[in-house]
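Some notes on the structure that comes next.
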Amino acid sequence: MERRLAAILVADMAGYSRLMERDEEGVILRQKAHRREIIEPEIENNRGHIIKTTGDGMLVEFGAAQDAVRCAIDIQTVMAERESANAVDTRIIYRIGINLGDVIFDEGDVFGDGVNVASRLEGLSEPGGVCVSDIVHQAVGDRIRDPFRDMGSQRVKNISRPIRVWQWTPDAPPDEKELSEVAHSQRVRFATARDGVQIAWASIGEGRPVLKAPGPRAAEAVRGAVGDDSGRMGVY
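Sequence positions in the sequence shown follow the numbering used here and run 74 to 309.
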């Protein structure tokens with residue numbers, strides 16, 4: 074029996090019973106292909122270890138939260154592309170939950186509150202999405218740029234405390250921080266006027282100017298540069 078900190082990923086197929094009722098053999102064959110060609114390679118690439126699998130899901134352990142989140146997003150992205158050719162009601166789609174916590178490893182299995190929370194997070198996820206606990210979101214920080222939406226504190230079955238949840242989905246918009254960075258960025262244009270004057274000006278963005286045109290001839294130089302078709306004007 075061993076206790077250690079680990080990132081736990083729980084994945085489960087959405088609508089498994091319905092899919093199996095319609096086409097048992099087809100779903101099993103597609104599921105096996107997805108695991109062999111997408112899921113297992115992504116887990117290996119991100120240094121994960123499969124603890125156990127079920128008919129419609131799996132439990133995976135990672136040494137780092139960043140690896141677990143990167144793996145989950147990569148799996149969901151590739152799965153969406155691969156299943157896009159199938160009718161919506163026949164697609165194999167996963168929900169994924171990730172938590173970071175102290176867990177107990179014993180006889181090839183893993184136990185503990187950290188595992189239970191990961192399982193509940195999976196249940197909160199939209200099909201095709203990834204839900205992570207706040208501790209995972211903090212641990213990952215800015216190392217993964219994919220946007221997560223704050224779902225606030227959630228009450229889940231058999232967990233006494235509320236859990237703050239963050240969710241990634243393939244169509245998630247950029248977060249507020251990214252939008253702010255774009256809004257305050259500046260695009261700087263450079264030009265050479267006919268009389269040889271070098272000028273630069275910020276054409277997009279907010280904030281104080283980063284450069285000013287030199288001398289009293291600035292306006293004339295700008296007019297000359299705009300009208301110059303010699304190919305010396307560029308954007309960097």
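Think of the CB as a built atom: it goes at the ideal place given N, C-alpha and C, for glycine as much as any other residue.
Using the Cα positions of residue i and residue j, report the straight-line distance between them to the nearest angstrom.
i	j	result
I277	R109	Only weak support exists for where I277 lies, its pLDDT of 49 falling under 50; the value from the coordinates is given anyway. Between I277 and R109, the C-alpha separation is close to 48 Å.
V194	F184	Before going on, a small fix: residue 194 reads as Leu here, not Val. If I take the Cα positions, the gap works out to 16 Å.
I146	I169	9 Å
I217	W241	11 Å
E98	R77	39 Å
V255	P114	Residue placement at V255 is poorly supported in this model, since its pLDDT is 43, which falls under 50; the coordinates still yield a value, given next. Approximately 35 Å, taken between the alpha carbons.
M93	N119	30 Å
D179	S226	31 Å
Y311	D129	The requested residue 311 does not occur in the structure, where the chain is confined to residues 74 to 309.
V176	G214	22 Å
T127	D219	29 Å
D96	G136	37 Å
M224	V203	12 Å
T163	V100	9 Å
Mind checking whether residue i and residue j have CB atoms under 8 Å apart?
i	j	result
A330	M131	This structure cannot speak to residue 330, because the chain is shown only from 74 to 309.
Q139	Y167	no
G49	C144	The structure shown does not extend to residue 49, since the chain is modelled only from 74 to 309, so the question has no answer here.
I81	E134	yes
I124	I116	no
L173	S198	no
W239	R228	no
P243	G196	no
Q211	I165	no
V190	V142	no
I111	M86	no
Given a threshold of 16 other Cβ atoms within 10 Å of its Cβ, counted over all protein chains shown, does residue i qualify as buried or as exposed?
i	result
L102	exposed
A355	What is shown of the chain runs 74 to 309, which leaves residue 355 out entirely.
M74	exposed
N231	exposed
G187	buried
R91	exposed
V161	exposed
By the three-class DSSP mapping on this structure, what secondary structure does residue i have?
i	result
V229	coil
G185	coil
G329	Past the boundaries of the shown model lies residue 329; the chain is included only from 74 to 309, so the question cannot be answered.
G170	strand
G130	strand
S193	Checking the displayed sequence, the identity of residue 193 turns out to be Arg instead of Ser. In the structure shown, R193 sits in a helix (DSSP, three-state: H, G or I).
E180	coil
I165	coil
I217	coil
A80	strand
G136	coil
H85	Reading off the sequence shown, one finds Asp at residue 85, where the question assumed His. It is a strand residue.
D244	coil
M152	helix
M93	helix
Could you check whether the Cβ of residue i sits closer than 8 Å to any Cβ belonging to chain D?
i	result
E154	Annotation note: the requested chain D is absent from the structure, which comprises a single protein chain.
Next item on the list: Check whether the stretch 229-238 touches the stretch 151-158, counting contact only when three or more Cβ pairs, one atom from each stretch, lie closer than 8 Å.
Entry: no
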